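See structure below.
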Amino acid sequence: MDDNQDSGSFCEGDGGQVEAAIAWQAEHFPQVAVSLGLEGGDFLPVTEAWRHDGDMLGVLLGYQNRFATGMDDRVRAAHLISFYSHHLSIAAASIYLRTGLVPDLSPDRLAFRFEPVVPHDHVPTMETRRSDVCRFHFRFEHFSRGDDRALLFHNLFVDSFLPVIDALQGRTGLSPVAQWRLAADGIAGAFLEIGTALGDQERAMATALAIINRTGSPLFSDAVRYQRIEAVCDGVAVERVFRRRSGCCLYYRTEGGDFCDVCVLLDTETQKGRLQAHVQRTGGL
């Protein structure tokens, strides 16, 4: 870590801000959970959870089968790296954009568990605990400030993903280049979603690109960008911002699969046409 970057649990007054940010994220993005705390419990550090021969990796790869039929190992790996990157980015960016603090994502300090989702309006029962819908529950211990917070976020994110990408390559054969592109897409998508929920899209998008677009970074790709799409719905002009991807999740290779509307394998005009049709169907929502 650079000398101008100060790492610690909290500065005075930061604890309440972080807790408020976590509560906001839980309300707006309940598919991801975050806790604050020290080592222990049933949380696994990234270095342990992402062993290529570990049980957790098998569980996470197997979970991807619920999203499509006919996945092979590489398709499962592509879905998993996208899934994990997006959810970790939701957790970390919610705190970053609301407080200016960067959670310590170092693989020996970041821990998580993969848990069943219990709806907020249900009292937990044996039936709800057996739900097949699961989520990542991340545990953050330390937070940092620095003169260049985007660089700090970048460096911690890359360090955190080194064992993840190594494990998936060893287990499935999916190349590191493909994985890093999908990880960058996860950051860009999560920041856009959080910025939209905060009513501050421009700052969120600028922050995401400042994290990703660094020369020499494994996350860097000219293809990661945002695009405004305009359409007319019931005679009213509407607009929505989309993230343009740099990696391919390989969904088109599954049984009955197709290209995503923002798939990097589609040409620009095809993407634009699909996105305009999407905006028209949804009214820009």
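Its first residue numbered 1, the sequence shown is counted upward by one per residue in my numbering. The beta carbon of each residue, even a glycine, is placed where N, CA and C say it ideally should be. The model shown is predicted, which means the values in this text are computed figures rather than measured ones.
Give me, in chain order, the residues of the same chain whose beta-carbon lies closer than 7 Å to that of residue i; leave out the 5 immediate sequence neighbours on both sides.
i, result
"Phe67", "His79"
"Arg43", "A quick correction: the sequence has Phe, not Arg, at residue 43. Excluding positions up to five away in sequence, the list reads Ala111, Phe112, Arg113, Arg139."
"Ala92", "Pro103, Leu105"
"Asp261", "Gln271, Arg274, Leu275, His278"
"Met205", "Phe191, Leu192, Gly195, Tyr226"
"Gly186", "Ser82, Ser85, His86, Ser89"
"Pro163", "Val46, Thr47, Trp50, Pro107"
"His28", "Ala197"
"Val236", "none"
"His246", "Here residue 246 turns out to be Ser, not His, going by the sequence shown. Excluding positions up to five away in sequence, the list reads Arg181, Ala184, Asp185, Ser221, Ala223, Val224, Val264."
"Pro218", "Val158, Trp180"
"Gln280", "Ala231, Cys233"
Can you tell me whether DSSP reads residue i as helix, strand or coil?
i, result
"His137", "strand"
"Phe220", "coil"
"Ile187", "helix"
"Val32", "coil"
"Ser7", "Its pLDDT being 42, under 50, Ser7 is placed unreliably by the model, and nothing is read from it."
"Glu48", "helix"
"Glu255", "coil"
"Asn160", "The sequence given here has Ser at residue 160, not Asn. Helix, per DSSP."
"Glu43", "It is Phe, not Glu, that sits at residue 43 in the sequence shown. Here Phe43 sits in coil by DSSP."
"Val232", "strand"
"Gly54", "coil"
"Val323", "Not covered by the structure: residue 323. The range shown for the chain is 1 to 285."
"Gly146", "strand"
"Arg281", "helix"
"Arg327", "Any property of residue 327 remains undetermined from this structure, which presents the chain solely from 1 to 285."
"Arg240", "strand"
"Arg245", "coil"
Which whole-angstrom value describes the C-beta separation of residue i and residue j, a residue pair presumed to lie in contact below a C-beta threshold of 8 Å?
i, j, result
"Ala20", "Ala26", "Not really, about 11 Å apart at Cβ, beyond 8 Å."
"Cys134", "Val117", "6 Å"
"Arg244", "Gly189", "Incorrect: roughly 10 Å between the Cβ atoms, too far for contact."
"Leu101", "Leu198", "That pair is no contact at about 16 Å."
"Gly283", "Cys233", "5 Å"
"Pro253", "Leu174", "A quick correction: the sequence has Arg, not Pro, at residue 253. Not really, about 12 Å apart at Cβ, beyond 8 Å."
"Ile229", "Arg240", "6 Å"
"Gly58", "Glu141", "Contact doesn't hold; Cβ gap of about 26 Å is too wide."
Can you list, in chain order, the residues of its chain whose CB lies under 6 Å from that of residue i, leaving out five sequence neighbours each side?
i, result
"Arg76", "Leu61, Gln64"
"Asp296", "Shown here, the chain extends from 1 to 285; a query on residue 296 therefore has no answer."
"Tyr251", "Gly257"
"Thr172", "Asp73, Arg74, Ala77"
Kindly list the residues whose CB is nearer than 8 Å to the CB of residue i, restricted to its own chain and excluding five residues on each side of it in sequence; keep chain order.
i, result
"Asp14", "Thr99, Leu101, Phe143"
"Ser160", "Val46, Leu88, Leu105, Ser106, Pro107, Leu110"
"Phe259", "Tyr251, Tyr252, Leu265, Leu266"
(message) With three or more C-beta pairs closer than 8 Å as the rule, is the segment 150-165 touching the segment 207-214?
(response) yes
(message) Just to confirm the assignment: which complete alpha helix (DSSP H) runs, minimum length 4, are found wholly within the segment 65-127?
(response) 73-99
(request) Take every Cβ of the segment 214-225, pair it with every Cβ of the segment 45-55, and state whether three or more of those distances are shorter than 8 Å. (result) no
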